[in-house]
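Asker: Before I ask anything, let me first share the structure, which is written out below as structure tokens.
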Amino acid sequence: MYSNIKINDKSIEKAINKELKRQQEQIELIASENYVSKDVLIATGSVLTNKYGEGYPNKRYYGGCENVDVVEMLAIERLKKLFNVKFANVQGYSGSTVNAAAIAALVPKGSKILGMGLSSGGHLTHGYKINFSGYFYDAYSYDVDKNGLLDYDEILSLAKKIKPSLIICGASAYSRIIDFRKFRKIADVVGAKLMADIAHIAGLVAVGLHPSPIKYCDVITSTTHKTLRGARGGIIMTNNEEIAKKIDHWVFPGYQGGPLFHQIAGKAVAFYEALKPSFKKYQEQVLKNAKIFCDEFKKLNVDIISGTTENHLFMINVKKTFNLTGKQATEILHSINITVNKNTIPNETESPQVTSGIRLGTPAMTTRGFKEKEFVKLANIIYIVLSNHQNRTLLKKMKLEVIKLTKKFPIKG
Ligand code: DSN
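Each residue of the sequence shown is one higher than the one before, starting from 163 at the first, in this note's numbering.
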């Protein structure tokens, strides 16, 4: 399935085929991206896209839902098994809509919410001022300390001062283990509900390679396309029946309309794959690769935010190490076929469009078969290129090295 398509609309055909070529020829280090299996791709591109079915299995507002009901129920059952939870909603269009629905299910509009600050590694939907979460709620943020670490005592003091109704934990750019038990204690002290957004680490949590928040949080949200390697979308889980009812209400009719059944099928297939032993092996390799990738940079005296990684990603302070902005570093790496994203870092002095950091993750290239050897090589290529970015001859040579690597590890699908 990772092959060129042929359709009558030649403009779209060309763009899709060029995107396939880009994906094949570039090394993908964006920590939130991955390559789905052939089966996930087939399910996502299926006739299920034709069907409307507002409501939930066996309680739809449309006829002809007998098959999509099966798909949605399978997705729910598999997800419950994967994370060992009692209730799951698989209709979320994205991580942002599931976070909106989950927050609405937990606290009334205008409530005080406390989430991780964006430049500390949090997400827009955790209370950022220009997002719905900062607009419709009275949002506050906690940050990492000067070493780039969550300081749970500090978060407790802040929570005592603010007295939020909801605390949100989970991150988009934090390379350390999150202690959900400590977050629960903080929430209990101030009488707040607790929500975990595990979008980034979901694959690791599913196989027990990151502690699970299930025991400690009222609600868990996630996306399905990052470490979980499924079709793009969102999910919400809880063990509390009352909250589960509210979640279903806030997903539909609260925030969404018709479920995207082709996406739900793609999620269901991914959960099926994630329940297999091979998925745990994959996640183990993701972690091994991230550790050695990060360690190699450390050997080269590269400044790593928070000093190391305990998950699938880490951030580099490119300003301090190479005197480059995140934007410049991203563009230089893009010119040699390595894709990363610029990222704000703790105590950021640049705008989010510029930044002082980049974020690197191993899930996608691990799917393509990269092991420790390739990540050590890649760290050295990145280091050499960012240190000598004005040397065009060197950049050309490095680009050929990168293309050679991508050819050796094609996306199989
Ligand atoms: N855009 C995602 C990421 O890159 O982490 C978060 O939503």
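Glycine included, each C-beta is placed from N, C-alpha and C at the ideal position.
Note that the coordinates shown come from a computational prediction; the quantities given were computed from them, not determined experimentally.
(1) According to the Cβ coordinates, are Asp465 and Asn479 closer than 8 Å?
(2) In three-state terms, what does DSSP make of Arg343?
(3) Report the rounded CA-to-CA distance for Phe532 versus Lys308, giving the unit in angstroms.
(4) Is Thr501 helix, strand or coil by DSSP?
(5) In chain order, what residues place their C-beta within less than 6 Å of a heavy atom belonging to ligand 1?
(6) Classify Ser440 as buried or exposed, calling it buried when 16 or more other Cβ atoms lie within 10 Å of its own Cβ.
(7) Can you find the residues in the same chain that come closer than 7 Å, C-beta to C-beta, to Val564, ignoring five residues on each side of it along the sequence?
(8) Could you check if Lys579 is buried or exposed, using at least 16 other CB atoms within 10 Å of its CB as the buried criterion?
(9) Report the three-state DSSP secondary structure of Ser319 (helix, strand or coil).
(10) Going by C-alpha distance, which of Val232, Lys388 and Leu366 is nearest Gln447?
(11) Out of curiosity, what's the CA-to-CA distance linking Lys291 and Ile169?
(12) For Thr106, which option in Asn473, Asn451 and His362 has the closest C-alpha, if you only look at C-alpha atoms?
(13) What's the call for His474, buried or exposed, on a 16-neighbour Cβ count within 10 Å?
(14) Please classify Tyr297: is it buried, with 16 or more other beta-carbons within 10 angstroms of its beta-carbon, or exposed?
(15) Would you list the residues sitting across from Tyr302 in a DSSP beta bridge?
(16) What residue from Ala333, Phe345, Leu182 and Gly310 has the CA that sits closest to Ala321's CA?
(17) Measuring only the C-alpha atoms, how far is Lys574 from Arg184?
(18) To which residues of the same chain is Ala427 closer than 8 Å at the C-beta, ignoring the five residues directly before and after it?
(19) In its own chain, which residues sit with a C-beta less than 6 Å from the C-beta of Asn451, not counting the 5 before and 5 after it?
(20) Would DSSP call Phe249 helix, strand or coil?
(21) Does DSSP put Cys456 in a helix, in a strand, or in coil?
(22) According to the neighbour-count rule (16 or more other Cβ atoms, all chains shown, within 10 Å of its Cβ), is Thr252 buried or exposed?
(23) Identify, in the order they occur along the chain, each residue of the same chain with its Cβ nearer than 7 Å to the Cβ of Asn402, setting aside the five sequence neighbours on each side.
(24) So, does the region 323 to 330 touch the region 260 to 276, judging by three or more C-beta pairs under 8 Å?
(25) For Gly310, which residues of its own chain have a beta-carbon under 6 Å away from its beta-carbon, when the five flanking residues on both sides are left out?
(26) Spatial neighbours of Gly217 within its chain, please: C-beta separation below 6 Å, excluding the five flanking residues on both sides.
(27) In the region 504 to 533, which residue ranges form an unbroken alpha helix (DSSP H) of at least 4 residues, counting only runs that do not cross its ends?
(28) At what residues does the beta strand (DSSP E) containing Ile363 begin and finish?
(29) What is the DSSP secondary structure of Tyr218, reduced to helix, strand or coil?
(30) Of all the alpha helix (DSSP H) runs that stay within the bounds of the region 392 to 437, which reach a length of 4 or more residues?
(31) So what does DSSP say about Val198, is it helix, strand or coil?
(32) Based on DSSP bridge pairs, tell me the residues matched to Leu121.
(33) Assuming contact is defined by CB atoms lying nearer than 8 Å, are Ser281 and Glu510 in contact in what I supplied?
(34) Please state if the CB of Ile405 and the CB of Val260 are separated by a distance shorter than 8 Å.
Answerer: Result, derived from the coordinates:
(1) Yes, Cβ-Cβ distance for Asp465 and Asn479 is below 8 Å.
(2) helix
(3) 33 Å
(4) strand
(5) Ser194, Gly257, His285 and Ser334
(6) exposed
(7) The answer, listed in chain order, is Ile189, Ile498, Asn499, Ile500 and Ile543.
(8) Residue 579 lies beyond the stretch modelled for the chain, which goes from 163 to 575, so this question has no answer here.
(9) helix
(10) Leu366
(11) When rounded, the distance between both Cα atoms is 43 Å.
(12) In the structure as shown, the chain begins at 163 and stops at 575. Residue 106 is therefore absent and cannot be evaluated.
(13) buried
(14) exposed
(15) Partner residues in the beta bridge of Tyr302, as assigned by DSSP, are Leu276.
(16) Phe345
(17) 14 Å
(18) Ala205, Thr206, Ser208, Leu210, Val233, Ala237 and Ala393
(19) The residues are Thr524, Thr528 and Phe537.
(20) Phe249 falls in the strand class under three-state DSSP.
(21) helix
(22) It should be noted that the sequence gives Val, not Thr, for residue 252. Burial call: buried.
(23) Asp380
(24) Under the three-pair Cβ rule at 8 Å, the region 323 to 330 counts as touching the region 260 to 276.
(25) The beta carbon of Gly310 lies closer than 6 Å to those of Ile467, Ser468 and Pro508 in the same chain, with the five residues before and after it left out.
(26) By the criterion of a C-beta distance shorter than 6 Å, Gly217 is surrounded in its chain by Tyr223, once the five residues flanking it on both sides are discounted.
(27) 525 to 529
(28) Where Ile363 is concerned, there is no enclosing beta strand (DSSP E), given that its DSSP letter is neither H nor E.
(29) In this structure, Tyr218 counts as strand in the three-state DSSP scheme.
(30) 403 to 411 and 423 to 436
(31) coil
(32) As shown, the chain starts at 163 and ends at 575. That puts residue 121 outside it, with no answer to give.
(33) yes
(34) no
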